[in-house]
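Below: one structure, written as structure tokens.
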Amino acid sequence: MSAVLMSESVPALRAVPPLPEGARVRLRLTRRGRAVLSALVALPLVIGALVFALNGGGAVANGEQTHVSFQYVTVESGDSLWSVAERVAPNADPRDVIADLVSLNGLESAVVSPGQQLAIPAKYAH
462 MSAVLMSESV
472 PALRAVPPLP
482 EGARVRLRLT
492 RRGRAVLSAL
502 VALPLVIGAL
512 VFALNGGGAV
522 ANGEQTHVSF
532 QYVTVESGDS
542 LWSVAERVAP
552 NADPRDVIAD
562 LVSLNGLESA
572 VVSPGQQLAI
582 PAKYAH
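For what it's worth, the numbering used here labels the leading residue of the sequence shown as 462, then goes sequentially.
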């Protein structure tokens, strides 16, 4: 008896009628099919963008060399970067000059020692 109930509850499969002559079949994509198709289209674009980002921004070196020369100042006993900045550029803000000196000379701190040679940025050189 349960077998009869099971067969009655399952809807009967309908036979698909044949297509008329010359009819075109339309492709219908499910939501999952659209997602897979979108991923397949987007994957090469993403890979191309990553390859370009990793290799595209490299600098190109040429055979020409530019020679940049700096003027140097020697730190004297009792000098600080503040006093060197005031001596090098008396009309400029010493804080800006110190920042430029630290950056140009690659100083880890604002401490200098006597006899140390410091390159002077071009905008402050005389």
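Every residue gets a Cβ at the ideal spot worked out from N, C-alpha and C, and that includes glycine.
Identity of the residue in the options nearest residue i by Cα
{"i": "S574", "options": "A503, S538 and A476", "result": "S538"}
{"i": "G567", "options": "V502, A580, G576 and R475", "result": "A580"}
{"i": "R489", "options": "N516, F531, V558 and L498", "result": "L498"}
{"i": "A586", "options": "P551, G576 and H528", "result": "P551"}
Residue(s) in a DSSP beta bridge with residue i
{"i": "T535", "result": "Q578"}
Under 9 Å between C-beta atoms of residue i and residue j
{"i": "L542", "j": "L562", "result": "yes"}
{"i": "V545", "j": "G576", "result": "no"}
{"i": "A583", "j": "F531", "result": "yes"}
{"i": "V534", "j": "Q578", "result": "yes"}
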